[in-house]
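> According to this note's numbering, the sequence shown is numbered sequentially starting from 130. Where is the CB? At the ideal position from N, CA and C, for every residue including glycine.
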Amino acid sequence: MAVGKSAIGRQLANHRAATFVDTDDLVVGQHGPIAEIFASRGEPAFREIEARAVAQAIEQSLGNSAVISLGGGAVLDSGTQQLLSRCMVVYLECDAATVAERIARNSVRPLLAGDAIGRWQTLFAARKPVYERLANLVLDVRSGTVPELTRRLENALQEYAAETAAVAPMPAATKKVD
């Protein structure tokens, strides 16, 4: 939440000539503002809508080059976790000091009403183990501009692809049999 997923994701997609999908934008486009969904229907209804938006984004991106930005709590859904097991997942790691100013400027985050930083820290503590478990890569976003962070992510993705290609077995169709 407030770590730069949309900004970094959008720029990464642009650099890779890929489609960019922000699942929060899908939710808003189909159901209206997130704060209103929380207010009128509650968090459980929002999480169901969010899970469907994530599934839609992943399904539509299969076979295509896409960067999908998920809301910070989307990974708590077990169905979403299963879908993400088929994807390259990047966890943008940060801390409260990094996001404090962004959170202060954005008052439309329903889960951060009241003591925004305190609520962020509580939510982050609960979500962090899930983020770490699902992530193929972790990008520390505590310092750097969006372009710098995007370059670091690009490099990390290239290194990851090279490492996994080096240890992956040859495809069955080209595997040499004695």
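Kindly list the residues whose CB is nearer than 6 Å to the CB of Y220, restricted to its own chain and excluding five residues on each side of it in sequence; keep chain order.
Around Y220, the same chain offers Y260, A264, V267 as residues with beta carbons nearer than 6 Å, after the five sequence neighbours per side are excluded.
> Kindly identify the DSSP beta-bridge partner or partners of A321.
Examination of residue 321 is not possible in this model, given that the chain is present from 130 through 307 alone.
> Let me check understanding here. Comparing Cα to Cα, which of E179, A229, M217, A195 lies closest to A146?
A195
> Kindly confirm or deny that the stretch 178-196 and the stretch 154-166 touch, where touching means at least three C-beta pairs closer than 8 Å.
yes
> Going by C-alpha distance, which of P276, P173, A203, E292 is nearest L141?
P276
> Let me know if G171 comes out buried or exposed under the rule of 16 or more other beta-carbons within 10 Å of its beta-carbon.
exposed
> Going by C-alpha to C-alpha distance, which of G133, G192, A131 sits closest to T148?
G192
> So is T152 buried or exposed if we call it buried at 16+ other beta carbons inside 10 Å?
buried
> What's the C-alpha gap between Q211 and A184?
10 Å
> How many whole angstroms separate the CB atoms of L282 and I137, which I take to be in contact at a CB cut-off of 8 Å?
7 Å
> Give me, in chain order, the residues of the same chain whose beta-carbon lies closer than 6 Å to that of A203; leave out the 5 immediate sequence neighbours on both sides.
E179, V183, T209
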